[in-house]
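To start, the structure under review is shown below, and the notes come after it.
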Amino acid sequence: MSYSMTELIQTKREGGHLEPVELEWIIESYTADVLPDYQLSALLMAIMFRGMSQVELAAWTDAMLHSGDVLDLSSIDMPKIDKHSTGGVGDKISIPLAPLVVACGVAIPMMSGRGLGHTGGTLDKLETIPGFRTRLDPDEFARQLGELGLVLAGQSETLVPADRRIYALRDASGTVPSVPLISSSIMSKKLAEDLDGLVLDVKIGSGAFMKDVASGRELAETMVGIGKSHNTPVVGILTDMDQPLGTEVGNANEIIESIAILKGDGPDDTTELTLRLGEEMLILGGVAADRTEARSQLDSVISSGAALDVFAKVIEAQGGDPRVLDDQSILPSAEHVFTVTAGRSGFVERCDALAVGRSAVRLGAGRQAKEDDVDPGVGISIRARVGDEVAAGDALATVSYNTDDQLAACLPILETAWILSDEPQAPRPLILGEVR
Ligand code: URA
2 MSYSMTELIQ TKREGGHLEP VELEWIIESY TADVLPDYQL SALLMAIMFR GMSQVELAAW
62 TDAMLHSGDV LDLSSIDMPK IDKHSTGGVG DKISIPLAPL VVACGVAIPM MSGRGLGHTG
122 GTLDKLETIP GFRTRLDPDE FARQLGELGL VLAGQSETLV PADRRIYALR DASGTVPSVP
182 LISSSIMSKK LAEDLDGLVL DVKIGSGAFM KDVASGRELA ETMVGIGKSH NTPVVGILTD
242 MDQPLGTEVG NANEIIESIA ILKGDGPDDT TELTLRLGEE MLILGGVAAD RTEARSQLDS
302 VISSGAALDV FAKVIEAQGG DPRVLDDQSI LPSAEHVFTV TAGRSGFVER CDALAVGRSA
362 VRLGAGRQAK EDDVDPGVGI SIRARVGDEV AAGDALATVS YNTDDQLAAC LPILETAWIL
422 SDEPQAPRPL ILGEVR
């Protein structure tokens, strides 16, 4: 069956509904190079303005999900639960979270991405561990998941090829920030992992796609709704991304913080978020009855060292050097350190995640275009967070850098991140809501 793409674009442009078969045809034809970019771009723009009904969204997501291979993990006899974050600054949570949850008896076929724009990427961080490989072929992926319950890999090329192409087109056509397009993009990739459940960390604030709680909730509800249409339980936790998460921003820096969390020595906010998301994963996986039981399981695999042991085995299996867990001097580092100081005394009213993220990209910790390389050793350590009191001259952040050009590019933006006030400021709440 073939359709007139021009008519389908017009229908959506006028606010009409497209039939599931029409949406399937669009995804199939675009993935097969039959539809040109300009027609799909026009449709994406119409979707941005007109949205999609729940029926349309389920069909669109399903067509994307079946545009390539779908994993069959039925041979794994543990519950398979994944976590996805909508992305932020200093968001290294997947790295400590995955071994913790696996140590409690849940399997995680985790497929992560690289940093793009002001947000960092889990793969870039993991690859700072000497030797660590994030490209695994499907057989190795399934074997390791069966043996260790955890794989920390990049997205397979054969999974959801439609999303790779549509995402690139969205990037070029100004159609990234659309709730149905973001939701279908994320959920098609997660549902292709053959999961028993998914926990979403939906970020809200200046460093996130969603700037306020209402739009974050809408995104979470949309993704939870797609999960329901596909009979996969999904829980969305809404969390703050108005200031960076934890103390470290940058690739090797974030591995150091992740290891600290696994040892029970991490900053309060990253530790709390790791445990909160872990609780939901254990409940979805059926290995804990409630949050209290889940928290005590997670606490015990930290104190027994079992979670660290899972991480060591995964690092080794993926070619990395597990000595990193005891000796972080084997990670890439930067040659110089510069301290950003407070120009006056006061209380930190704002530490803007977007400004810190953008300055980290300029420093070389992130990439602006997919083909850019990152400098694995550079980073920003946050020394003053919202609510902290500082005196003039106190450190707000330290910047680890290799070249003067990196520092000169980073500082003008980084220095705008902090706003100091005369009045005491309450710390920002980390958890802003949940959607089930
Ligand atoms: N992450 C994705 O995978 N897709 C989007 O559209 C946005 C964030």
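According to our numbering, the sequence shown is numbered sequentially starting from 2. Yeah, the Cβ is synthetic: ideal placement off N, Cα and C, and Gly gets one too. All values reported here derive from a predicted model rather than from experimental measurement.
Backbone secondary structure at residue i - three-state DSSP
i	result
Lys314	helix
Met46	helix
Met188	helix
Leu36	coil
Asp83	strand
Glu23	helix
Asp92	coil
Thr404	coil
Leu160	strand
Val71	coil
Glu336	coil
Met211	strand
Val288	coil
Ser382	strand
Glu372	coil
Glu249	strand
Ser179	coil
Ala169	helix
Arg429	coil
Cys105	coil
Pro139	helix
Residue(s) in a DSSP beta bridge with residue i
i	result
Phe348	Glu390, Ser422
Met112	Ala154
Ile227	Paired residues: none, contrary to the question.
Gly237	Leu201, Val436
Thr120	Leu117
Phe133	Note: Phe133 sits in no beta bridge, so no partner.
Ile331	Ile331 is not bridged to any residue.
Val341	Ala398
Glu8	Answer is none; Glu8 lacks a bridge partner.
Cβ-Cβ distance between residue i and residue j below 8 angstroms
i	j	result
Thr123	Ser95	yes
Ala366	Ile383	no
Ser360	Ile414	yes
Thr233	Pro181	no
Ser184	Leu220	yes
Ala335	Ser401	yes
Gly106	Val288	yes
Asn252	Asp83	no
Ala99	Met111	yes
Leu66	Val161	yes
Gly434	Leu239	yes
Thr135	Pro333	no
Val387	Leu364	no
Ser230	Ser42	no
Thr275	Ile257	no
Leu24	Ala60	yes
Closer than 7 angstroms: residue i CB and nearest the ligand URA heavy atom
i	result
Ser186	yes
Thr62	no
Gly116	no
Thr240	no
Ile183	yes
Tyr168	yes
Val338	no
Lys13	no
Thr123	no
Thr87	yes
Lys190	yes
Val177	yes
Minimum C-alpha distance to residue i - residue among the options
i	options	result
Val214	Asp243, Cys352, Val225, Ile187	Asp243
Leu101	Ile303, Thr159, Leu220, Thr233	Ile303
Ile109	Asp70, Leu127, Gln298, Val200	Val200
Gly147	Ala104, Lys264, Thr62, Leu74	Leu74
Glu416	Leu127, Cys352, Gly206, Val362	Cys352
Gly217	Lys204, Glu390, Asp70	Lys204
Ala143	Arg136, Val152, Thr32	Val152
Gly347	Asp389, Met53, Leu44, Phe339	Asp389
Lys212	Lys13, Gln319, Ser179	Ser179
Asn254	Gly121, Ala59, Leu72	Gly121
Glu29	Cys411, Ser68, Gln319, Pro333	Ser68
Ser189	His119, Leu72, Ala295, Gly88	Leu72
Asp423	Arg171, Val349, Arg437	Val349
Gly32	Gly247, Phe312, Ala169	According to the sequence shown, residue 32 is Thr rather than Gly. Here the closest residue by C-alpha is Ala169.
Arg277	Ala295, Ile187, Trp61	Ala295
Asp270	Trp26, Lys81, Lys93, Glu23	Lys93
Leu127	Ile260, Val436, Glu20	Ile260
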